[in-house]
Structures are given as structure tokens and as C-alpha cells.
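What follows is a short report on a single structure.
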Amino acid sequence: MATVSCRQRHSFTLIEMLAVMGIIVILAGILLPVLTKVREASRRAVARDLCYQVATAWKSFLQDHRMFPPRDLFEMSVVGGKNSALSILGTTNSDYNSTMLYLEFGTNELVKGMVDPWGGLIQFALDNGVSCGDATAYDGKVRVGSFGNIYDSVAVWSKGPDPDDEADDVRGW
Numbered sequence: 770m771a772t773v774s775c776r777q778r779h780s781f782t783l784i785e786m787l788a789v790m791g792i793i794v795i796l797a798g799i800l801l802p803v804l805t806k807v808r809e810a811s812r813r814a815v816a817r818d819l820c821y822q823v824a825t826a827w828k829s830f831l832q833d834h835r836m837f838p839p840r841d842l843f844e845m846s847v848v849g850g851k852n853s854a855l856s857i858l859g860t861t862n863s864d865y866n867s868t869m870l871y872l873e874f875g876t877n878e879l880v881k882g883m884v885d886p887w888g889g890l891i892q893f894a895l896d897n898g899v900s901c902g903d904a905t906a907y908d909g910k911v912r913v914g915s916f917g918n919i920y921d922s923v924a925v926w927s928k929g930p931d932p933d934d935e936a937d938d939v940r941g942w
């Protein structure tokens, strides 16, 4: 009489384990480039939103004061300082703005400036006749470097991941 073993197989074979690991590696290889693109799209969306917020704040300032700050008294800087853009838009005690708060900034932004997701400073130009080579004030257009004329009172942009490449700039217009 033959003896029959009552033991049943309860483990995976080496071939089965290698097949599962191979499938996981293939799926990860497909997923990683997609995640990188999604992350970059998210950074661009954050930068675009920040540009829109700054542009809206400057347009509100223009509506309230009927002019932008004079160039000789105003630093075209997004880094903190008494007469910087952050001071004018974000505090209620600057020389230009005693009662209105146009944009709120955290302590980090007041020290380092308004930075995009890649660590570069947000750029802007105003239709005040002196920024970016635009000779006519309040004519409804702003000259922005190689972008040419932007038909708006404010142009705000981020230089994107590569500050030297204008093709990857994030524009708020």
C-alpha cells in the first residue's frame, strides 16, 4: 500500500515570486514618469495662482489710489523692505497704504521675498511709465522683455524651473 502525504503546498515558488516582482517593477517604471509630470504641473499651477494673486493685488491698489507708487520712491522688488512691493501690498503701515491690506504675507515671505515653487523671485511690471522700458504711463499696456507688450495694467510672471529659459516661464496674464 502506498502512503499519501497529507502535506499541502503553502508557499510561492521562486518563479512565481520573480514574476510578481517583475510586474511590480514594470508598473513602477510606468508610474514614475507620470508622477514627475504631475508634480511639475502642480508646481506650475501654484506659480500661476501666485502670479494671479499678485496681479489682482496690484490692480486693487491701482483702483484705490488711481495710480501706482512713484518709481523714485518705490523699489521694484518683491523682497522685503520699507518701500518694497511686499511692504506696499502686504502691510497697513507703509507710506502708500495706511488702511488697506491687499495681500497677506507670512514672515518667511517678508524675509526672503515672494518666491515661486522653484525658489526664484516672482517678477512683475506695472503700467506706470517707467518699468521695463514702457515710456507711456497708464496706456493699458506693459512692456515685458522679450514677451513684448502685454495689454494690461500689471504683468506678473515666474521664471519657472530654468531662469535662463523663457519658454518655461509661468505667466500671470
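Numbers given in the numbering used here equal positions in the sequence shown, counted from 1, plus 769.
Ideal Cβ placement from N, Cα and C applies to all residues, glycine included.
Give me the Cα-Cα distance between residue i and residue j, rounded to the nearest whole angstrom.
i: residue 888; j: residue 832; result: 31 Å
i: residue 819; j: residue 794; result: 38 Å
i: residue 813; j: residue 785; result: 43 Å
i: residue 799; j: residue 937; result: 25 Å
i: residue 828; j: residue 881; result: 24 Å
i: residue 789; j: residue 780; result: 14 Å
i: residue 879; j: residue 917; result: 30 Å
i: residue 933; j: residue 885; result: 15 Å
i: residue 825; j: residue 859; result: 13 Å
i: residue 802; j: residue 811; result: 14 Å
i: residue 787; j: residue 797; result: 15 Å
i: residue 875; j: residue 857; result: 14 Å
i: residue 906; j: residue 855; result: 22 Å
i: residue 877; j: residue 913; result: 28 Å
i: residue 919; j: residue 792; result: 51 Å
Using DSSP with H/G/I as helix, E/B as strand and the rest coil, what is residue i?
i: residue 918; result: strand
i: residue 874; result: coil
i: residue 853; result: coil
i: residue 829; result: helix
i: residue 780; result: coil
i: residue 912; result: strand
i: residue 786; result: helix
i: residue 907; result: coil
i: residue 838; result: coil
i: residue 933; result: coil
i: residue 805; result: helix
I want to see whether chain C comes within less than 9 Å of residue i, judged by CB atoms only; does it?
i: residue 835; result: Given the protein chain composition of this structure (a single chain), no chain C is represented.
Just confirm the distance between the C-beta atoms of residue i and residue j, as a whole number of angstroms; I'd bet it's less than 8 Å.
i: residue 921; j: residue 942; result: 6 Å
i: residue 1007; j: residue 924; result: Residue 1007 is absent from the structure shown; the chain starts at 770 and stops at 942.
i: residue 830; j: residue 897; result: Not a contact, Cβ separation roughly 11 Å.
i: residue 823; j: residue 883; result: 7 Å
Based on DSSP bridge pairs, tell me the residues matched to residue i.
i: residue 927; result: 939
i: residue 813; result: Answer by DSSP bridge pairing: none, since residue 813 is not bridged.
i: residue 895; result: 923
i: residue 884; result: 890
For residue i, is the beta carbon positioned less than 8 Å from some heavy atom of the ligand HEM?
i: residue 794; result: You won't find the ligand HEM in this model; it holds no ligand whatsoever.
Does the structure place the stretch 803-815 close enough to the stretch 867-883 that three or more beta carbon pairs sit under 8 Å? Segment contact: the stretch 867-883 against the stretch 803-815, fewer than three CB-CB distances shorter than 8 Å; contact not assigned.
I want to know whether the stretch 913-933 touches the stretch 890-899 - three or more CB-CB distances under 8 Å. Contact check between the stretch 913-933 and the stretch 890-899: three or more CB pairs, one atom from each, fall below 8 Å, which counts as touching.
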